[in-house]
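First to last, the protein sequences are chains A and B.
Per my numbering, the first sequence starts with residue 28, numbered consecutively.
Per my numbering, the second sequence starts with residue 55, numbered consecutively.
All residues carry an ideal CB built from backbone N, CA and C; glycine is no exception.
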Amino acid sequence: MSENPNTQDDFKSEIGKDQWVEQYGNRRQRRPGVLGIFDTLTEVLFSQRRWILVVLIVGALVPFLTDNEQVLQIAGDVVIFGLLALGLHIVAGYSGLLDLGFAGFFLVGGYTYAYMSADLRFIDPDLSVHLPSIISIISATVLGALVGLLLGASSLRLSGDYLAIVTLGFGLALVNGLEGLTRVQVPGFEDAVNLTGGPDGIQNLDDLAFFGLEISTKTGYYWVGLIALTICILGVYHMNASPTGRAWRSMREDELATQAMGMDPRGLKLRAFAIGAAIAAFAGALHAARQGSIFPSDGDTPRLIITYATVVLGGLGSLPGVVLGALIMNIVPPALQSPLISAFLFYGTLLILLFTMFRPRWQGIVSLLGAGIFGTILLFGAGLLSPPNYVLEQLAEEAEELSEETGETVTPAEPGILAWYAMPENLDMPSNSILTDTMRSWLVIPEDVRIKQPWAGAEVDCSERRPPDGCWRLRTDDFGNAAFVLAIVMVFVLARVDTIGLRIALMIPTIYLMIVAWELRLSVETSVTRKIFIGLLLVLLMIYRPNGLLGTRRVEVV
Amino acid sequence: MEDLLAQLPQQVLNGLTLGAIYALIALGYSMVYGVLQLLNFAHGDVFMIGSFVGFFILDAFVPQLRESFSLGMSIFVIALMLIAAMGVCGFLGVIIEQFAYRPLRNAPRIAPLISALGVSFFIQNAVLLVLGGDRRNYARNFVIPPQFRIENADFFAFGGVLVISAIIIGLLALGAYIARKNNRLFNDASRLLGVLSISFIVAGALLMLAPFGGRMVLSASRIVAIASAILLMAVLWALVRRTRIGAAMRAVATDQEAAAMMGVDVDRVVMFTFFIGSALAGAAGVLNGLVLGQVYHFIGFNAGLKGFIAAVIGGIGNIPGAMLGGLLLGIIEAFAQGFISSTFQDVIVFLALIVVLLLRPSGLLGARIAQKV
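Written out as structure tokens, the structure is:
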């Protein structure tokens, strides 16, 4: 207290405010370095209600700053999936209910909208329903809330993990049903009826139209989404401050104590389920309208996991965290599609990890240098063993020219035991950044290595163009895969090593393997890589910051 | 109706095979849950890894098996597949525990669950990246030739043997029940033997009636699956009931803190539990490959889910419960597939789960636990 003599005067006493709590910010110690700056920034921008304004103003500026289709698409994803995450935020964040069927409500909303605003030719060639979109959106939301109530009511007796598994079953059954209800005997029809359109979903949906104003552009949908998100955020913000919100949070911490204080956990759970499901269904309806179609896969397990990642990343139970999570989870993955950005992100993260994970810090620098030297030695070593394939091609061409000139057959140089790429342009992989090209020309990238199996007969010749049985053949991809697996193993081994010398000795090949895995496989298969990193992110986040980026650390009752 | 009756025994057989595999998965789930109260979502992916390990070993032996088939070689290859898959998976389970769950031992309940989802997503997609998304076929015909199988005529005798052994087991159960004298061993033994004898009677009666119904076939791969599953479960039973580490496991499951105070090394016990549970999942992966013949990166999700449902139906945290739940689930699923619709077998399985949970929230064999304040 004595360090802050002004605090006593600054505090204007108010009824219902605790001095100690109000002055928390003054007493808090800033963390040193970049993290401290980050803390200050988040505090200035995100304290009170200010963050809502900041986000909305920036959000509202987007359509004026750019008319790039891709940017608007991503912005639209942010608001719609942000809305979905907001629903989950109520169920899992405030109320602490682990609902793993949450993506199902997104489908409920999307399909309700679709059934009310499309030509349903798969059911009957003449059937077409085109209701005003305000009606279909409202009924989607209401139906979502009803289904939420139903699911909540059927699982009221369950808690924790049981709830998780029953809701997961609900989500899977929904996707299963939407994909499978394609030949159903309906009374009144002669043939079996395709009720849901199966995995192909429902297509050619109407655009949204409110009171004569038709919304058909990406900008239009972005505005609708942004307005919807704003209203929902304000609603959730006030709900959080209301008695219901407080009761939810207290139920999350201790259900028995909540009950003892005279609140009804069953009613609270049902309300959380219904409101969360309604928001998710609303988001689903907007998504269907914007996409112009809806598929069962829109609400499948990957969507569920990504939504959980969104909520958890920002901090479970933190409203600004949901917005931040939605921004990160929807902007970063598409940005990774660009080879340049993804390469910079990968190498940047690698450098940051190297310099922050290990104490003393010089280990990072030494092992990085070591990896550089190691790679260079490998490069020259491979060059000594056998010339890289572009040299072989040149030699073959020269030999051909020479033989044409002289009329004698000139044999070109023999390849060594290794055929490898040294020029990235020979590699059949996308590359349009200098960074990638530089790294690839520094790596030894084997092209096609054949190893004779020890038990294969003597007559087997593995150097034939199409190697016969009895040869192991390793292509470029296989080396990338092997490097990926080895790098994972090495990381696990590294975590167990305590001596500095050994650790550096292991870190050098690990860095090299990581770069090989990245250049040969991860940067090529972007969509799989994205999911791998989301999985990794969830685990690391839970270990190092279980309260997310903006969440507050919760006190555990023992 | 005639048709349904004729199909019944065959579906029971299918269900038993499936159920034996589910029971192995459920055991791992149940043991981990018993010790840590943790829902290990990555368990299904460990199963998938096990299935792939078996696939690659079998693939390596195909040239030799193709040249000359011998029973000894075949048994050797199957044993090697099982042992390798169990070793790799056990090790993988220990690694997962150390890196993804141990730092979260005292975190809020939701944290390890999300971490588990992350691990599952990571393993699935890492396998997709490395091995590709193609479905691969187990070359099972080389190791278990399809002509080895039991058909109609043999079943009457087989069913008779089962019924007779059921009577013997039932007598043993009665004996154990009478002699139990508050002794845990006899208590458990009587319960297990009772369950066994009832299931043997049901299975035996069905088998004896089978030939009158219609054609039924039990392929050798299914026999291998059921026999190995029973063998593994028996080994597990002895391990948990008869060894020091098993006693430590039961102690930690009952009360972690009290066990720690009595000198049980909780970390070691958890590690061991993960090793055993994951090894069983790996074995289940190999058996699944031998029976169903396919493996790809996504099988783990479904299998893990079924394993968990089986564990919950039987009473999670309870080892005989997991076995019973697995068998029951397998039979439910086979019936759903055979008699109702193969599209909705998963939906029906989930309905069964919800019904069991609503009627007996702690599972069929689970004890009702009072909530601690």
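When the options are compared against residue i, the one with the closest alpha-carbon
i: A/L411; options: A/E432, A/N357 and A/V471; result: A/V471
i: B/V142; options: B/A312, B/G300, B/N195 and B/L334; result: B/L334
i: A/L115; options: A/D104, A/L127, A/L62 and A/V105; result: A/L127
i: A/V555; options: B/L344, B/A357, B/G420 and B/H351; result: B/H351
i: A/I164; options: A/A353, A/A315, A/A509 and A/G341; result: A/A315
i: A/L313; options: A/R293, A/D234 and A/A287; result: A/D234
i: B/M140; options: B/A114, B/G108, B/L383 and B/I150; result: B/G108
i: B/Y231; options: B/F210, B/A243 and B/A314; result: B/A243
i: B/F202; options: B/V271, B/A257, B/A233 and B/L171; result: B/V271
i: A/V82; options: A/R279, A/P347, A/R293 and A/S394; result: A/P347
i: A/I531; options: A/G397, A/A180 and A/M266; result: A/G397
i: A/G497; options: B/A388, B/A114 and B/N68; result: B/A114
8 Å Cβ shell around residue i - same chain, five flanking residues per side excluded
i: B/M287; result: A77, L78, L81 and M377
i: A/G196; result: G128
i: A/Y248; result: G103, L235, I242, L313, A316 and R317
7 Å Cβ shell around residue i - same chain, five flanking residues per side excluded
i: A/L533; result: M517, V520, L521 and V524
i: B/L158; result: A165, P166 and S169
i: B/T327; result: M85, V86, V89 and M303
i: B/L136; result: S282, A337 and V340
i: A/L406; result: W469 and V471
i: A/L158; result: M143 and S144
i: B/R245; result: P374
i: A/A219; result: R210, V211 and Q212
i: A/G137; result: G311, A312, H314, A315, I321 and D325
i: A/L170; result: V135, T139 and A308
Rounded Cβ spacing between residue i and residue j (contact assumed at less than 8 Å)
i: B/A365; j: B/S84; result: 4 Å
i: A/L351; j: A/G341; result: 4 Å
i: A/L124; j: A/L190; result: 6 Å
i: B/P199; j: B/F123; result: 7 Å
i: A/A514; j: A/T537; result: 6 Å
i: B/V320; j: B/Q310; result: 6 Å
i: B/G98; j: B/L344; result: The pair is not a contact, with the Cβ atoms about 18 Å apart (cut-off 8 Å).
i: A/M122; j: A/K296; result: Per the sequence shown, residue 122 of chain A should be read as Ser rather than Met. At roughly 7 Å, the Cβ-Cβ gap stays under 8 Å, so A/S122 and A/K296 are in contact.
Rounded separation between residue i and residue j - CA only
i: B/L285; j: A/D327; result: 38 Å
i: A/V211; j: A/S160; result: 28 Å
i: A/V174; j: A/I333; result: 22 Å
i: A/P32; j: A/Q46; result: The pLDDT assigned to A/P32 is 48, lower than 50, so where the model puts this residue is not dependable, and the model offers no usable value.
i: B/T397; j: B/A305; result: 43 Å
i: A/I64; j: A/L576; result: 14 Å
i: B/G73; j: A/L199; result: 21 Å
i: A/R276; j: A/M290; result: 12 Å
i: A/Q100; j: B/G380; result: 46 Å
i: B/I222; j: B/L250; result: 11 Å
i: B/S219; j: B/L260; result: 15 Å
i: A/R506; j: B/V181; result: It is worth fixing the name first, because residue 506 of chain A is Phe in this sequence and not Arg. Each residue's alpha carbon lies about 15 Å from the other.
i: A/G109; j: A/Q97; result: 18 Å
Simplified DSSP state of residue i, which is helix, strand or coil
i: B/S395; result: coil
i: A/H157; result: strand
i: A/W389; result: helix
i: A/E427; result: helix
i: B/P415; result: coil
i: A/Q230; result: coil
i: A/E12; result: Any property of residue 12 of chain A remains undetermined from this structure, which presents chain A solely from 28 to 585.
i: B/S128; result: helix
i: A/N33; result: Any reading at A/N33 needs caution, since the residue's pLDDT is 48, under 50, leaving its predicted position unreliable; the model's value is listed next. In this structure, A/N33 counts as coil in the three-state DSSP scheme.
i: A/V651; result: Examination of residue 651 of chain A is not possible in this model, given that chain A is present from 28 through 585 alone.
i: A/C259; result: helix
i: A/S182; result: coil
i: A/S369; result: helix
i: A/I242; result: strand
i: A/W275; result: helix
Own chain residues within Cβ distance below 6 Å of residue i, not counting five before or after
i: A/Q230; result: S320
i: B/I177; result: D99
Cβ-heavy atom distance, residue i to the ligand SAH, below 7 Å
i: A/Q46; result: Although the ligand SAH was asked about, the structure shown includes no ligands whatsoever.
Report task. Anything in the region 147–162 of chain B with a Cβ closer than 8 Å to a Cβ of chain C? List those residues in chain order, please. Result -> Absent from the structure is chain C; the protein chains it does hold are A and B.
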